[in-house]
Amino acid sequence: MQILPFDDRKGLIWFNGDYIEWSNAKVHVLNHGLHYGSCVFEGLRIYEGQIFKLNEHIQRLYKSASILDLEIPYNEEIVIDVCKKITRKQNVKNGYIRPVVWRGSEMMAISALEASTNLAIACWEWPSYFSPEKLLKGIKLTVSKWKRPSPESAPTDSKAAGLYMICSLSKHKAEKAGFDDALMLDYRGYIAEATGANIFFVKDKEIFTPKPDCFLNGITRQTVIEIAKENKIKVNEDYFKFDFLKSCSEVFLTGTAVEITPVKSIDNFVFEKRDLTKLLISEFKKRVGG
Ligand code: PMP
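Residue numbers (numbering that gives the first Met the number 0): 0 to 289.
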């Protein structure tokens, strides 16, 4: 299958206030976001033309930017409106929206207090992240050598591009070794999350998930917790060492991209059951309306 490169597609991208041709949405090679990681972004899913949790994602975009000392020069209502408009202009039914904020090219040094803050929003048709066969079987994870940093070492509450460096390294290594993704522990050695998704465990018909104190409290994660509680399933947020996996019957990931994805194995631990995972997937589908 030929993959269309992302810089050469048809359509429009909203770029600092204007809808411009997709292939013209360019930045200069000397921009601060690229060199020094002053860049944050969001990922939203569109189900049957409706954007899931639009307000929550845009609020998080502003929070992420503010943590990196980036002041988005448009108000939230405008950005929310642009997300709706770009979905219609691109005629996307089931897809993805990617807003990205970056510091501009006016200054090229670690300190760039006077540089501009830029915003672009792109939108495209995008099916499930994993194939349906893969989804049914569950994905295979391996533990990464990279650890999620402490909130004292990195702005862990921000969806900052720079924080994805160790995620790409982890996922590349996992894929090269035949796995689908990597499980990341945190700086204390507790289970944290996958490279772009939160993680949940099932044990004795209860749900367990790591406390998000050094990684994103995902919007999908929060939705799944809400669904579980509504279905009278007990949810335990706590700290888990790796050997907690020994006692788990089901494991799944949650995230805008992966939605709810069953995990078949994490290195030598295998999880065959899907009872609660399937229930949550079906309730989640009702919510998103897809
Ligand atoms: N953790 C990381 C590192 C992520 O990239 C994502 C995806 N945004 C998540 C968790 C899940 O967040 P959400 O459910 O809001 O997409």
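Note that beta-carbon positions come from the ideal geometry of N, C-alpha and C, so glycine has one too.
Fair warning: this is a prediction, and the values are worked out from it, not measured in the lab.
- E205: not part of any alpha helix (DSSP H); member of the beta strand (DSSP E) spanning 205 to 209, first to last residue.
- Contact between L182 and S143 holds, with the beta-carbon distance rounding to 7 angstroms and staying under 8 angstroms.
- Per the coordinates, the alpha-carbon of S264 lies some 13 angstroms from the alpha-carbon of F241.
- Residue pairing by DSSP places W123 opposite Y95 in a beta bridge.
- For T141, the uninterrupted beta strand (DSSP E) run begins and ends at 138 to 147, by DSSP.
- Cα atoms of L135 and R273: separation of roughly 9 angstroms, rounded to the nearest angstrom.
- Judged by DSSP in its simplified three-state form, T155 adopts coil rather than helix or strand.
- With contact defined as three or more Cβ pairs closer than 8 angstroms, the stretch 33 to 51 and the stretch 149 to 164 are in contact.
- One alpha carbon belongs to R44, the other to L11, and they sit about 18 angstroms apart.
- When rounded, the separation of the alpha-carbon atoms in Y95 and F239 is 32 angstroms.
- Cβ-Cβ separation between I57 and W13: approximately 13 angstroms, too far for a contact (criterion under 8 angstroms).
- In the structure shown, N54 falls within a helical segment according to DSSP collapsed to helix, strand and coil.
- In terms of CA proximity to F200, T208 leads the group T208, C122, A193.
- When DSSP assignments are scanned along the stretch 186 to 272, the uninterrupted stretches of beta strand (DSSP E) that are 3 or more residues long and fall wholly within it turn out to be 190 to 193, 197 to 202, 205 to 209, 234 to 237, 249 to 254, 258 to 265.
- When DSSP reads this structure, N117 sits in a beta bridge with W101.
- Annotated as distal: F268 and K233, with beta-carbon spacing of 8 angstroms or more.
- Boundaries of the alpha helix (DSSP H) harbouring I77: 75 to 88, taken from the DSSP string.
- In the DSSP assignment, D274 falls within the unbroken alpha helix (DSSP H) covering 274 to 287.
- Remark: the C-beta of F178 is outside contact range of the ligand PMP, defined as less than 7 angstroms to any heavy atom.
- C-alpha of I50 to C-alpha of I2: approximately 25 angstroms in a straight line.
- Apart from sequence neighbours up to five positions away, the residues of its chain that approach L53 with a beta-carbon distance below 8 angstroms are L43, I79, C82, K83, ordered along the chain.
- Using a C-beta cut-off of 8 angstroms, the stretch 245 to 264 makes contact with the stretch 188 to 203, since at least three inter-stretch Cβ pairs fall below that distance.
- Look at the stretch 13 to 75 and you find these whole runs of beta strand (DSSP E), each 3 residues long or longer: 17 to 20, 38 to 40, 43 to 46.
- P261 sits buried, since 16 or more C-beta atoms from the chains shown fall within 10 Å of its C-beta.
- Under the 10 Å beta carbon count, Y73 is surrounded by fewer than 16 other beta carbons and is classified as exposed.
- One alpha carbon belongs to D179, the other to G188, and they sit about 22 angstroms apart.
- DSSP places M106 in no alpha helix (DSSP H); its state is neither H nor E.
- Not one heavy atom of the ligand PMP falls within 7 angstroms of the beta-carbon of R87.
- Inclusion of R97 and A121 in the CB contact set at 8 angstroms is warranted, their separation being smaller than that value.
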